[in-house]
Structures are given as C-alpha cells and as structure tokens.
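Q: One structure follows; several queries about it will come next.
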Amino acid sequence: MVQNDFYLAVFDLVRLIPNGKVTSYGAIARCLGSPQAARMVGYAMNAAHQHDPEIPAHRVVNRMGMLSGKNHFAHITLMQELLEHEGHTIVQDQIQNFDLVFWNPQSIVA
DNA sequence: CGGGTGACTCGAC
DNA sequence: CGTCGAGCCACCC
Numbered sequence: 171m172v173q174n175d176f177y178l179a180v181f182d183l184v185r186l187i188p189n190g191k192v193t194s195y196g197a198i199a200r201c202l203g204s205p206q207a208a209r210m211v212g213y214a215m216n217a218a219h220q221h222d223p224e225i226p227a228h229r230v231v232n233r234m235g236m237l238s239g240k241n242h243f244a245h246i247t248l249m250q251e252l253l254e255h256e257g258h259t260i261v262q263d264q265i266q267n268f269d270l271v272f273w274n275p276q277s278i279v280a
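Encoded structure:
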C-alpha cells in the first residue's frame, strides 16, 4: 500500500501539531485543498498508526472537539489520557475550550 | 466489477 | 436552538 501525497501531507501536518494543541480532520483536509475529504483524513490516520514516526493522532479530533476516533486506539481511554497529559481537559470525550487549544494547519503555510 | 463502510462535515427541518 | 439526512472520497469485501 502506497500512501498518496494526501496521506503523506496528512501525516506531516499532524506531526507538525505543536505540543498541547489539537486540530480537526476538516481543517487538515481543507488545508490540503480537499475540504470534502475529511473522512479520508481519518482513514489516513488509521494508516498513520503503522507509520514509522509516531504520529500524534490523538491530537486530531472532529470539528466539535470530540474524541471520535478514540475507539481506534489501543485503548479507548488512551486518547483521552494523552490529551489530558498534554494539559487538555476532556469531559464526556469532548475537549473543553477546544477553540483555545485548536491549531490551524494554515499556520505553517502562512 | 459492484456494493458497502467510515477516526467527517455541512445543510435543511 | 437541537436533531436528522445527504454528500463526499478512498479502501475493504
């Protein structure tokens, strides 16, 4: 399986997420020029798990800041654990003050 | 080859 | 303001 540029771009972008910050699938997809490919971003994250460098997939959540992909981690609570370890507050699988910890991928382009 | 699914998002009621 | 449905793209069966 060969990762397309889209996948690589997603991996690279997620890897560039600053510590203590998070982003959304749609933001990544939009940054890549395919705002409708948000679903594919999540799918790419699945492949990211087997990628060589450790990709902070836990820093990627849906647009509402909910840990929608926690079920795909080794443990459904691992994602929350990692996020909380970075200083985030999570209630009911939802990141509090998501707008404050949100990181815009466009920031690296600008 | 064809159909179904999903770590999403937006629009309409 | 809250909930429901449709759309989109790539991968798996």
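Per my numbering: the first sequence = residues 171 to 280. By construction, the Cβ of each residue, glycine as well, lies at the ideal position given by its N, Cα and C atoms.
For Gln-175, tell me which candidate among Ala-214, Ala-208, Ala-197, Gly-196 has the shortest Cα-Cα distance.
A: First, the amino acid is wrong: residue 175 is Asp here, not Gln. Ranking Ala-214, Ala-208, Ala-197, Gly-196 by Cα distance to Asp-175 puts Ala-214 first.
Q: Is it a yes or a no for the stretch 245 to 258 touching the stretch 201 to 220, going by three-plus beta-carbon pairs under 8 angstroms?
A: no
Q: When you compare each of Val-184, Gly-257, Pro-205 to Leu-270 by their alpha carbons, which one comes out closest?
A: Gly-257
Q: Which term fits Gly-235, buried or exposed, when burial requires 16 or more other beta carbons within 10 angstroms of its beta carbon?
A: buried
Q: My assumption, with CB atoms under 8 angstroms, is that Val-192 sits in contact with Arg-229. Please give the rounded CB distance.
A: 5 angstroms
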